[in-house]
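*Asks:* Quick note on numbering: the sequence shown equals residues 0 to 302 in numbering that gives the first Met the number 0.
From the three backbone atoms N, C-alpha and C, an ideal C-beta is built for every residue, glycine too.
All values derive from a computational prediction rather than experimental measurement.
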Amino acid sequence: MLATPESGVVLAHLSDVHLPLPARVDWRDVLNKRALSLLSWRRKRHKVHRPEVLARLVTDMKAAAPGLIAVTGDLTNLGLPIEYDRARKWLDALGDPDRVMVIPGNHEALVRGAWETGAQTWRPWWQGDDGGGFPWLRRRGGLALIGVSSAVASAPGRAVGAVGTAQLDRLAGLLAQARAEGLCRVVMVHHPPLDGTVKARKRLLDAPALRAVLAREGAEMVLHGHSHRSHHQQMQTASGVAPVIGVPSASATHPEPAAYHLYHIAPVAGGWQVVLTARRHTTDGMETSHTATHHLARAHAAP
0 MLATPESGVV LAHLSDVHLP LPARVDWRDV LNKRALSLLS WRRKRHKVHR
50 PEVLARLVTD MKAAAPGLIA VTGDLTNLGL PIEYDRARKW LDALGDPDRV
100 MVIPGNHEAL VRGAWETGAQ TWRPWWQGDD GGGFPWLRRR GGLALIGVSS
150 AVASAPGRAV GAVGTAQLDR LAGLLAQARA EGLCRVVMVH HPPLDGTVKA
200 RKRLLDAPAL RAVLAREGAE MVLHGHSHRS HHQQMQTASG VAPVIGVPSA
250 SATHPEPAAY HLYHIAPVAG GWQVVLTARR HTTDGMETSH TATHHLARAH
300 AAP
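Written as structure tokens, this is what we have:
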């Protein structure tokens, strides 16, 4: 259950699920960049992203009974309609859209139009409280959960992302609004916002512009995926130092074991305390690999 603001909220974070492709894919659907991605999946990626690993991880996560679950993209591999349908069933099993939220990754937009075609399939899990699109805002238990889309099609061999001017302008307004309401602002984006986190061919193209908005308006925490690795970084914002945290793939055996994060976010004097617990998959089951505590200063409304 979702806790009260006074007792805090437990938010689970997983990413880069990469659900298995169907055994047969219509060749007419892959006469583009998808052909290379399909070849990659058939040759090696299906050995890395294992459904049994994902199942164990989700079982462990559900046992922790988080009040909220955030999935930061790449549920699919080729962005095919059948993958969107399969991911919809997976989201249904994961939890109610009121407490489970998702943003797209680059694989959802592998080719032009893929995200636009499939987006409605997941709409209950990615729309904001007002029913609107990206960036969206959900208020839950003292948190302002803000989802940003960085999913854009890119050339073969590249996995870049971009937020775009329209989203950045709206994001600034949502951050200011949530600050005025005294909420703990958690921003979610698939691509890492900090330079050097991933290779240039996988970077967020307008990361400097996104960082400028976050620095000016403030944010308490930023969550991302994309790299399939664990990242614990930070950036300076108008409201203080914000943790920028990336989680490994939820289904992978390489380059890092599959993992998810739990954040227990509770109000304290002057701000919030975040207790992070990282749970990772091993051959013997799930284990806690890392814990950390962050103290976040409460932002004050602009005069």
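1. Residue 226 and residue 192 - do their beta-carbons sit closer together than 8 Å?
2. Along the chain, where does the beta strand (DSSP E) that runs through residue 101 open and close?
3. Since residue 69 contacts residue 106 with CB under 8 Å, what's their CB separation in whole angstroms?
4. Measure the CB-CB distance between residue 36 and residue 248 and report whether it falls below 8 Å.
5. Compare the C-alpha of residue 231 against each of 290, 257, 264 and name the closest.
6. Tell me the DSSP secondary structure of residue 119 in three-state form.
7. Run the CB neighbour count on residue 80, radius 10 Å, all protein chains shown included, and call it buried at 16 or more, exposed below.
8. Return helix, strand or coil for residue 248, following the three-state DSSP convention.
9. How far does the beta strand (DSSP E) with residue 291 in it extend, from its first residue to its last?
10. Can you grab the Cα-Cα spacing for the pair residue 213 / residue 286, in whole Å?
11. In terms of DSSP beta bridges, what is residue 266 paired with?
12. How long is the line joining the alpha carbons of residue 92 and residue 279, rounded to whole angstroms?
13. Does DSSP put residue 10 in a helix, in a strand, or in coil?
14. What residue range is occupied by the uninterrupted alpha helix (DSSP H) comprising residue 166?
15. Closest by CA to residue 86, which one among 174, 117, 48, 23?
16. For residue 136, does the three-state DSSP call read helix, strand or coil?
17. On the DSSP bridge assignment, give the partners of residue 259 in chain order.
18. I'd like to check one pair, residue 50 with residue 21: are the Cβ atoms closer than 8 Å?
19. What residues are listed by DSSP as bridge partners for residue 236?
20. Would you report the Cα separation of residue 265 and residue 154, rounded to the nearest angstrom?
21. Kindly identify the DSSP beta-bridge partner or partners of residue 52.
22. Just verifying my parser: in three-state terms, what is the DSSP assignment at residue 57?
23. Out of 284, 103, 268, point me to the one whose CA is closest to residue 77's CA.
24. Could you check whether the segment 196-216 touches the segment 166-183, counting it as contact only if at least three pairs of C-beta atoms, one from each stretch, sit closer than 8 Å?
25. Suppose contacts are defined by Cβ-Cβ distances below 8 Å. Is residue 8 in contact with residue 139 by that definition?
26. Could you name the residues that DSSP lists as bridge partners for residue 223?
27. Output the distance between the C-alpha atoms of residue 239 and residue 298, rounded to the nearest integer angstrom.
28. Helix, strand or coil for residue 211 per DSSP?
*Replies:* According to the data block:
1. Mapped onto the sequence shown, residue 192 falls at position 193. Mapped onto the sequence shown, residue 226 falls at position 227. Their beta carbons are not under 8 Å apart, which means residue 192 does not touch residue 226 by this criterion.
2. Here residue 101 is taken as the residue at index 102 of the sequence shown, counted from 1. First-last of the beta strand (DSSP E) with residue 101: 99-101.
3. The count along the sequence shown starts at 1 and reaches residue 69 at position 70. The count along the sequence shown starts at 1 and reaches residue 106 at position 107. Their Cβ separation, rounded to whole angstroms, is 17 Å, which puts residue 69 and residue 106 out of contact at 8 Å.
4. On the sequence shown, position 37 is the one that residue 36 refers to. On the sequence shown, position 249 is the one that residue 248 refers to. The answer is no: Cβ separation not under 8 Å.
5. Here the question's residue 231 lines up with position 232 in the sequence shown. Nearest of 290, 257, 264 to residue 231, Cα basis: 290.
6. As a working mapping, residue 119 is identified with position 120 in the sequence shown. DSSP, read as helix, strand or coil, puts residue 119 in helix.
7. For the purposes of this step, residue 80 is taken as residue 81 along the sequence shown, with counting starting at 1. Under this definition residue 80 is an exposed residue.
8. Locating residue 248 in the sequence shown gives position 249, where the first residue counts as 1. Strand, per DSSP.
9. Looking up residue 291 in the sequence shown gives position 292. Its beta strand (DSSP E) spans residues 284-296.
10. Translated into the one-based positions of the sequence shown, residue 213 becomes position 214. Translated into the one-based positions of the sequence shown, residue 286 becomes position 287. Rounded to whole angstroms, residue 213 and residue 286 show a C-alpha spacing of 33 Å.
11. Residue 266 sits at position 267 when you count from the first residue of the sequence shown. 271.
12. Residue mapping note: residue 92 aligns to position 93 of the sequence shown, counting from 1. Residue mapping note: residue 279 aligns to position 280 of the sequence shown, counting from 1. Taking the straight line from one Cα to the other gives about 21 Å.
13. Indexing the sequence shown from 1 puts residue 10 at position 11. Residue 10: strand per DSSP, three-state reduction.
14. Along the sequence shown, read from residue 1 onward, the residue named residue 166 stands at position 167. Unbroken alpha helix (DSSP H) run through residue 166: 164-179.
15. Mapped onto the sequence shown, residue 86 falls at position 87. Nearest of 174, 117, 48, 23 to residue 86, Cα basis: 117.
16. Counting from 1 along the sequence shown, the entry for residue 136 is found at position 137. Strand, per DSSP.
17. As a working mapping, residue 259 is identified with position 260 in the sequence shown. Bridge pairing for residue 259: 278 [DSSP].
18. The residue labelled residue 21 in the question sits at position 22 within the sequence shown. The residue labelled residue 50 in the question sits at position 51 within the sequence shown. Contact: no.
19. Residue mapping note: residue 236 aligns to position 237 of the sequence shown, counting from 1. According to DSSP, residue 236 bridges with 239.
20. Position 266 of the sequence shown, counted from the first residue, corresponds to residue 265. Position 155 of the sequence shown, counted from the first residue, corresponds to residue 154. Distance between the alpha carbons of residue 265 and residue 154: 43 Å.
21. For the purposes of this step, residue 52 is identified with residue 53 of the sequence shown, where counting begins at 1. DSSP lists no bridge partner for residue 52.
22. The count along the sequence shown starts at 1 and reaches residue 57 at position 58. Correct three-state label for residue 57: helix.
23. The sequence position of residue 77 within the sequence shown is 78, counting from 1. Cα-wise, what sits closest to residue 77 is 103.
24. yes
25. In the sequence shown, counting from the first residue as 1, residue 8 sits at position 9. In the sequence shown, counting from the first residue as 1, residue 139 sits at position 140. Cβ distance < 8 Å, so residue 8 and residue 139 count as in contact.
26. The residue you call residue 223 lines up with position 224 of the sequence shown. DSSP lists 245 as partners of residue 223.
27. Position 240 of the sequence shown holds residue 239. Position 299 of the sequence shown holds residue 298. Approximately 8 Å between the Cα atoms of the pair.
28. Within the sequence shown, numbered from 1, the residue matching residue 211 stands at position 212. It is helical.
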